[in-house]
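Notes follow once the structure below has been shown.
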Amino acid sequence: MDVAAKQLTALHANGINVQATRHARRVYVGALTADVDDAHLTQFFEEIMLATGATKRVDGGCVVSTYINREKLFAFIEFQTVEEASNALGFDGVVYGGQQLRLRRPNDYNIAQASLLGPQQPNPNLNYSAIGINHTPTPMVASTENSTSPYKLFVGGLPNYITENQVKELVCSFGEIKAFNLVFDKDTGLSKGYAFWEFLDPSVSEAAIKGLDGMRLGEKLINVKFANGNPPPIGGYNAAGEDGTSTVAAQQQLGYVANVPLATATALTGGVETTCVRLKGMVSREELADPTEAAEILEDTEEECKGFGSLVKVLMPRPGPHPDLDPVGVGEVMLKFATVECARRAQRSLNGRKFADRLVGAVFVKESVFDERDRGDA
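Going letter by letter, the sequence shown gives residues 1 to 378 in the UniProt record's numbering.
See below:
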């Protein structure tokens, strides 16, 4: 008898109705690589479940079975318990085989039945840092899937490599959201390029539309609008901006978004145009610590940026012997061009581009900031 058969027998012996509970014990895993095999994937999940405290089975065996669709590169992993399956959802975005995995409930998941079988959310006390997830998972928000709210928003034109958390961070910079739904292709695990959301305070919706609509992400311009047509006016807020406040609010939101730590969010207009552009998310401290790799990155950057026009200088500070001794700007690349037009081309092209599995954010900076950095004053 193989391992899976033994585990199914054990489930029956413990009085668990395998068929009735399977929908709540299975997890969809998308974005797998072509060379994945079920034994290794099973072992990977056994290890991260144990390392984070997502299972109490110290001798392993929390995974009952693993089915892989090799044509469409997704899998279904069945766990022993509903609690273990719910905990596994907390690993959404974990890296396996160089890819960020997508973990979701299967299509046959029945919320009403599952609520009687065990917890539906991951245990908040899991040790995610043990597997390299150094942040608390984004709090669950309601789905907008069945919402008919007049303040429901739509964004289209998203690159399919952008993650759910990245889109959430982008829209959350305008206000707290109460509902969100990024639409995915269940076969590929990739985004279909559009999402819906609703703010807790609907009065910020107009500012979000003004700030995000037409924004460039990679090679695309995103489209943001109300999903169900223009909503009724909100008390105290003039959507058309006759009171002069909506435009200011939008500009303030733009200024805020351009400074959030996510590269996607900096992919707005980039601020006041100058001859200088700052790139974030393009290079890591670890890469810069290797002289050979740092030199190659600098050379590649210079070659790429010369294509936008007359490039004057590139600044890419190298790290010190210890992080506390690093000069200002380690991890950033700053570009100076001969003209604003050249800098504009660079900012628009590089903003939102993917580099070594990271999203690059490009914003304009004052020439004085570049010059101070160049002199080592800042």
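Every residue, glycine too, gets a C-beta built ideally from N, C-alpha and C.
Here the structure is a predicted model, which is why all the values come from computation and not from measurement.
6 Å Cβ shell around residue i - same chain, five flanking residues per side excluded
{"i": "P319", "result": "R285, L288, A289, D326, V330"}
{"i": "M49", "result": "T55, C62"}
{"i": "G53", "result": "L126, N127"}
{"i": "I297", "result": "V283"}
{"i": "V308", "result": "Note that residue 308 is Phe in the sequence shown here, rather than Val. Answer for F308: C342, R345, A346, listed in chain order."}
{"i": "C276", "result": "K336, V365, E367, F370"}
{"i": "V82", "result": "A24, R25, L117, G118"}
{"i": "V155", "result": "A195, I222, V224"}
{"i": "L89", "result": "L103, P122"}
{"i": "R105", "result": "none"}
{"i": "residue 395", "result": "Since the first residue shown for the chain is 1 and the last is 378, residue 395 is missing from the structure and cannot be characterised."}
{"i": "M316", "result": "L298, V333"}
{"i": "E302", "result": "V314"}
Own chain residues within Cβ distance below 7 Å of residue i, not counting five before or after
{"i": "A267", "result": "Because A267 sits at a pLDDT of 38, beneath the cut-off of 50, its placement in the model cannot be relied upon, and the point is left open."}
{"i": "E46", "result": "G60, C62, V63"}
{"i": "T163", "result": "G93, Q100"}
{"i": "T42", "result": "V63, T66"}
{"i": "D108", "result": "H23"}
Residue burial classification, residue i (beta-carbon count within 10 angstroms, cutoff 16)
{"i": "P233", "result": "exposed"}
{"i": "I111", "result": "exposed"}
{"i": "R25", "result": "buried"}
{"i": "Y67", "result": "exposed"}
{"i": "V328", "result": "exposed"}
{"i": "E299", "result": "exposed"}
{"i": "V183", "result": "exposed"}
{"i": "G376", "result": "exposed"}
{"i": "Q80", "result": "buried"}
{"i": "H92", "result": "One detail in the question is off: residue 92 reads as Asp in this sequence, not His. The residue is buried, with at least 16 neighbouring Cβ atoms inside 10 Å."}
{"i": "G22", "result": "Correcting the residue identity first, residue 22 is Arg in this sequence and not Gly. When all chains shown are included, R22 counts as buried."}
{"i": "A114", "result": "buried"}
{"i": "N69", "result": "exposed"}
{"i": "T292", "result": "exposed"}
{"i": "A20", "result": "exposed"}
{"i": "G281", "result": "buried"}
{"i": "P321", "result": "exposed"}
{"i": "L200", "result": "exposed"}
{"i": "S191", "result": "buried"}
{"i": "D243", "result": "Unreliable positioning characterises D243 in this predicted model, as indicated by a pLDDT of 34, which lies under 50. The coordinate reading is nonetheless provided below. Result: exposed."}
Candidates the options, of which the one nearest residue i by Cα
{"i": "E206", "options": "G93, F180, G175", "result": "G175"}
{"i": "E273", "options": "A227, V312, C305, K336", "result": "K336"}
{"i": "A294", "options": "G229, E332, D324, F74", "result": "E332"}
{"i": "V314", "options": "H40, A338, P159", "result": "A338"}
{"i": "P231", "options": "S149, I162, V155", "result": "S149"}
{"i": "K220", "options": "L153, D185, R348, G229", "result": "R348"}
{"i": "Q121", "options": "N107, E84, P106", "result": "E84"}
{"i": "A39", "options": "A20, I77, Y28, D324", "result": "I77"}
{"i": "R278", "options": "R373, N228, S191", "result": "R373"}
{"i": "N123", "options": "S86, E304, V363", "result": "S86"}
{"i": "E304", "options": "F355, I177, P321", "result": "F355"}
{"i": "A227", "options": "L359, N181, V27", "result": "N181"}
{"i": "A208", "options": "Y28, N107, I177", "result": "I177"}
{"i": "L153", "options": "V363, V204, K306", "result": "V204"}
{"i": "L359", "options": "R57, E302, D185, P159", "result": "P159"}
Own chain, CB closer than 8 Å to residue i, minus 5 neighbours either side, in chain order
{"i": "L73", "result": "G30, A31, L32, T33, A34, V36, T188, G189"}
{"i": "A51", "result": "N127, A130, I131"}
{"i": "D213", "result": "I222, N223, V224, K225"}
{"i": "P323", "result": "R285"}
{"i": "G157", "result": "G193, Y194, L217, K220, L221, I222, N223"}
{"i": "residue 390", "result": "This structure cannot settle anything about residue 390, because the visible part of the chain is limited to 1 through 378."}
{"i": "S310", "result": "F337, A338, T339, C342"}
Notebook entry, point to check: At a cut of 8 Å, does the region 19-34 reach the region 84-104 through at least three beta carbon pairs?
Noted result: yes
Checklist line | the region 166-178 in contact with the region 118-131 per 3-pair CB rule at 8 Å | finding: no
Check: With a cut-off of 8 Å, do at least 3 Cβ pairs link the region 100-107 to the region 60-69?
Finding: no
Margin query: Assess contact between the region 365-373 and the region 338-352, defined as three or more Cβ pairs (one per stretch) separated by less than 8 Å. Is contact present?
Written below: no
Next item on the list: Please go through the region 333-369 and give each complete beta strand (DSSP E) segment of 3 or more residues, from N-terminal end onward.
Entry: 361-365
Note to self: Which complete beta strand (DSSP E) runs does the UniProt domain "RRM" (151-229) hold, if anything under 3 residues is left out?
What the structure shows: 153-156, 177-184, 191-199, 223-226
Notebook entry, point to check: Taking only runs of the beta strand (DSSP E) that begin and end inside the region 84-129, which ones reach a length of at least 3 residues, in chain order?
Noted result: 102-104
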